[in-house]
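So the sequence lines, in the order shown, correspond to chains A and B.
Under the working numbering, residues 809 to 1141 are what the first sequence spells out, in order.
Under the working numbering, residues 809 to 1141 are what the second sequence spells out, in order.
Below: the structure, in structure tokens.
Protein chains: 2
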Amino acid sequence: MDRNSQTNTGKYAADISSIREAQLRIDAFIHKTPVLTSETLNSISGRKLFFKCECFQKGGAFKCRGACNAIFSLDDDQAAKGVVTHSSGNHAAALALAAKLRGIPAYIVVPKNAPKCKVENVKRYGGQVTWSEPTMNSRESVAAKVVQETGAVLIHPYNDGRIISGQGTVALELLEQAPQIDTIIVPISGGGLISGVALAAKAINPSIRILAAEPQGANDAAQSKTAGEIITLPETNTIADGLRAFLGNLTWPVVRDLVDDVITVEDKEIVEAMKLCYEILKVAVEPSGAIGLAAVLSDSFRTNPKWKDCSNVGIVLSGGNVDLTVLWDSLRL
Amino acid sequence: MDRNSQTNTGKYAADISSIREAQLRIDAFIHKTPVLTSETLNSISGRKLFFKCECFQKGGAFKCRGACNAIFSLDDDQAAKGVVTHSSGNHAAALALAAKLRGIPAYIVVPKNAPKCKVENVKRYGGQVTWSEPTMNSRESVAAKVVQETGAVLIHPYNDGRIISGQGTVALELLEQAPQIDTIIVPISGGGLISGVALAAKAINPSIRILAAEPQGANDAAQSKTAGEIITLPETNTIADGLRAFLGNLTWPVVRDLVDDVITVEDKEIVEAMKLCYEILKVAVEPSGAIGLAAVLSDSFRTNPKWKDCSNVGIVLSGGNVDLTVLWDSLRL
């Protein structure tokens, strides 16, 4: 079953129907993650903040939602040969976990610079690791070789309607848990999460604002929005290892049309936000996971009159897989 | 209003009625904290574990429950003069927070060796700090002086029926959130939390097991249970700064009668459990908060045939206030 067999018939790779369908499909396999609030952080930010804690999701990140939706969308014959992907971490672990739940093999191509804890997650869930060089070319060519050898289905980390639909379930839950939310801030990388969230949230509440949070050192989405077309970068430079990918042809149209703005932040703001998550919220987030809080605290957001009336802000803490040594080294900066 | 004016008329300083009354009294002021589960930790422990995340409670620890119950039990005349306590941290911050909510002054006597982040919490909530030496004698005499000078009401951190009743609301919530629980493991120090939990949980389900988790270097509760009377220690030596107090005359009878066993663990087991909380659960806990997980993973618990059929185990992650440098130094051990 490919994405066309889902109920989505609209102009984007997913829609509210395919997202609701995904919610039913993955319900038994994922955690409904809690929403935390903190009066201290409300006071610091001058807004009411609602933290959707996807760091507590299975595998430590929201990625399990899309991976389960993709894998449980496969028909039995396709599934039997297994799945393959290339990923620096959270999607890899999520795909391994979802494959384990379905009882099929997962072949994971991992770039050599992936965080150790994320590779350990892949192995913990029984994923079969093949190493590649860190470049996208190497990742893709090694993955193609695995597909050829095994007949496994390639599941792209974000440029896939089933993945986008699965990630969109974050917004269904969040708006049920905190219906007063008028703005959602979502980390942006390849755009799978924010596409799903935007499609779901704007279908439920057309006036809700969807803002992307992006590292300055990997600001392809901000550049793409300005240019009106997909821009990729020759290299990226950010502590947020989960936010180094570029938009794809399925996520770009959603980001172009439904994401109200991209807020770019410096790595030092990400680190400061991680520290606040740790010290105030008591939640372990990875750099990519903390970027939404960094955005809401950034000068560019605070001083922009467009966002003055963003009073009830949902922030997706997207993941919590961080090596303790990395955390420590960054907090000492 | 002192504790006798509550509905409790039983043999202990609190009972299920005073605990339910506390729940109504504090409902508007506290967080209903989530219960997290992890299949990875289930697999490591060989049980189903339910983590009651009091580290996400206001002030970063369960202490806010008892403090709110005590402060909102005071009549207006008593309250107007404020409250005073001596505490190394979480009770101090909680009392300052609860006093702030009621709009009354809080005078907090803090021993000089209290963790920095806990003292910062006291100040954040507007508590007026007076320093004492680390000894109990100094803490008590400085507090007595403050009482004399201000007329404020002394609110003991644990040896108080209102405090015990407030802490017992943890168990009311937990058994509503995960009714299948057959065992609850609770950190023990002065015994306020475990007394409240035991009184509530055994009233709801008389066959539930209540186990205390205690550091080897502050094992007064284990020694007291063996001796059949309160034992205090000349000194304590544990990383768990929240677990260095001794049982009081109101908590001891409950611990003696209703706590099924005390599991003692080494500091290195506490540190290992903190690491698991951080890396697997993505929750920042302080050493005292992680001790329940340390207990369920300890050899003495695993190999004891008495606990073989503890299948669904509630673990109270009691608090999350830890200095990042302390966390790091302990994890490097």
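Beta carbons are placed, not taken as given, at the ideal position from N, Cα and C, and that holds for glycine.
So residue i and residue j are in contact, right, with Cβ under 8 angstroms, and what is the actual spacing, rounded?
i, j, result
"B/VAL937", "B/ILE963", "16 angstroms between Cβ atoms; not a contact."
"B/SER1096", "B/SER1126", "6 angstroms"
"A/GLU1022", "A/LEU1058", "Actually they are not in contact, since the Cβ atoms of A/GLU1022 and A/LEU1058 sit about 18 angstroms apart, beyond 8 angstroms."
"B/ALA875", "B/ALA902", "4 angstroms"
"A/TYR966", "A/ALA1053", "7 angstroms"
"A/ILE827", "A/LEU980", "7 angstroms"
"A/GLY935", "A/GLY998", "Not really, about 20 angstroms apart at Cβ, beyond 8 angstroms."
"A/ILE989", "A/LEU982", "7 angstroms"
"A/SER896", "A/LYS926", "7 angstroms"
"B/THR939", "B/LYS920", "It is worth fixing the name first, because residue 939 of chain B is Trp in this sequence and not Thr. With 8 angstroms as the limit, B/TRP939 and B/LYS920 qualify as a contact, their Cβ atoms being about 6 angstroms apart."
"B/CYS872", "B/ALA914", "Incorrect: roughly 13 angstroms between the Cβ atoms, too far for contact."
Counting along the chain, where does the alpha helix (DSSP H) carrying residue i start and finish?
i, result
"B/CYS876", "871-879"
"A/VAL1063", "1060-1066"
"A/PRO1095", "1095-1105"
"A/SER791", "The structure shown does not extend to residue 791 of chain A, since chain A is modelled only from 809 to 1141, so the question has no answer here."
"B/ALA952", "944-958"
"A/CYS925", "924-932"
"A/ALA900", "898-910"
"B/GLN865", "Per DSSP, B/GLN865 belongs to no alpha helix (DSSP H) and is neither H nor E."
"A/ALA888", "884-888"
Where do the N-terminal and C-terminal ends of the beta strand (DSSP E) with residue i fall, by residue?
i, result
"B/THR893", "891-894"
"A/LYS860", "856-861"
"B/ASN1120", "1120-1125"
"B/ALA914", "914-919"
"A/ASP1069", "1069-1073"
Name the residue from the options whose alpha carbon lies nearest to the alpha carbon of residue i.
i, options, result
"B/ALA900", "B/GLY868, B/ASN1027 and B/GLY911", "B/GLY868"
"B/VAL1079", "B/ASP823, B/ILE1047, B/LYS1010 and B/ILE1016", "B/ILE1047"
"A/TRP783", "A/LYS856, A/ASP968 and A/ASN898", "With chain A covering only 809 through 1141, there is no way to say anything about residue 783 of chain A."
"B/ARG1064", "B/ASP1049, B/ALA1035, B/ALA1081 and B/LEU1041", "B/ALA1035"
"A/ILE798", "A/SER881, A/ARG910, A/LEU1132 and A/THR841", "Missing from the structure shown is residue 798 of chain A; chain A here goes from 809 to 1141 and no further."
"A/ALA821", "A/VAL1062, A/LEU1132 and A/SER1119", "A/VAL1062"
"A/PHE864", "B/CYS861, B/LYS866 and B/GLN865", "B/CYS861"
"B/VAL918", "B/ARG910, B/GLU928, B/LEU909 and B/HIS894", "B/HIS894"
"B/ASN929", "B/ALA904, B/GLY911 and B/PRO1042", "B/ALA904"
"B/LEU943", "B/GLN1031, B/LEU1041 and B/LYS931", "It is Thr, not Leu, that sits at residue 943 of chain B in the sequence shown. Taking only the C-alpha atoms, the option nearest B/THR943 is B/LEU1041."
"A/GLY996", "A/PRO913, A/SER1032 and A/PRO987", "Here residue 996 of chain A is Ile; the residue named in the question, Gly, does not match the sequence. For the residues A/PRO913, A/SER1032 and A/PRO987, the minimum Cα distance to A/ILE996 belongs to A/SER1032."
"B/ILE1099", "B/ARG1110, B/ALA1081 and B/ALA1092", "B/ALA1081"
"A/VAL881", "A/GLU829, A/GLU948, A/ASN1129 and A/VAL843", "The sequence shown places Ser at residue 881 of chain A, not Val. For the residues A/GLU829, A/GLU948, A/ASN1129 and A/VAL843, the minimum Cα distance to A/SER881 belongs to A/GLU829."
"A/VAL1134", "A/SER825, A/LYS866 and A/LYS924", "A/LYS924"
"B/VAL994", "B/TRP939, B/LEU1066, B/ALA951 and B/ASP885", "B/LEU1066"
"B/PHE870", "B/LEU844, B/ILE838 and B/SER896", "B/ILE838"
"A/VAL1093", "A/GLY1128, A/TRP1115, A/ILE852 and A/SER825", "A/GLY1128"
"B/SER1015", "B/SER896, B/ILE1038 and B/PRO987", "B/PRO987"
"B/LYS856", "B/VAL1130, B/GLY935, B/CYS872 and B/LYS1116", "B/LYS1116"
"B/VAL1091", "B/LEU844, B/SER825 and B/LYS819", "B/LEU844"
"A/GLN985", "A/SER825, A/LEU1132 and A/PHE858", "A/PHE858"
"A/VAL1070", "A/ASN1120, A/ILE1018 and A/ALA951", "A/ILE1018"
"B/THR1111", "B/ALA906, B/LYS926 and B/SER853", "B/SER853"
"B/TYR850", "B/ASN898, B/CYS1118, B/TRP1136 and B/LEU1132", "What sits at residue 850 of chain B in the sequence shown is Asn, not Tyr. Ranking the options by Cα distance to B/ASN850, first place goes to B/CYS1118."
"A/ASN1120", "A/THR1044, A/THR991, A/ASP1131 and A/ILE1038", "A/THR991"
"B/GLU847", "A/LYS908, A/ILE1039 and A/GLY1000", "A/LYS908"
"B/ASP823", "B/ILE1012, B/ASP884 and B/ARG947", "B/ILE1012"
Is residue i close to the ligand SAH? I mean its beta-carbon at under 8 angstroms from any heavy atom of the ligand.
i, result
"A/LEU1058", "Absent from the structure shown: the ligand SAH. Ligands present: none."
Exercise. Going along the chain, which unbroken runs of the alpha helix (DSSP H) with 4 or more residues stay wholly within the segment 961-1038 of chain A?
Worked result: 969-985, 1000-1012 and 1028-1035
For this session: Tell me, please, whether the segment 999-1014 of chain A touches the segment 970-983 of chain A by the rule of three or more beta-carbon pairs shorter than 8 angstroms.
Result: yes
For this session: Decide if the segment 1063-1074 of chain A is in contact with the segment 1100-1109 of chain A; the criterion is three or more beta carbon pairs, one per stretch, under 8 angstroms apart.
Result: They touch, by the three-pair rule.
Problem set entry | Completely contained alpha helix (DSSP H) runs for the segment 819-860 of chain B, where each covers 4 or more residues | 824-834 and 847-853
For this session: Would you be able to state if there are at least three C-beta pairs under 8 angstroms between the segment 1085-1093 of chain B and the segment 1022-1040 of chain B?
Result: no
Exercise. Any chance the segment 952-970 of chain B sits against the segment 884-903 of chain B, with 3 or more Cβ pairs inside 8 angstroms?
Worked result: yes
For this session: Give a yes or no on contact between the segment 834-846 of chain B and the segment 1006-1016 of chain B, applying the rule of three or more CB pairs nearer than 8 angstroms.
Result: no
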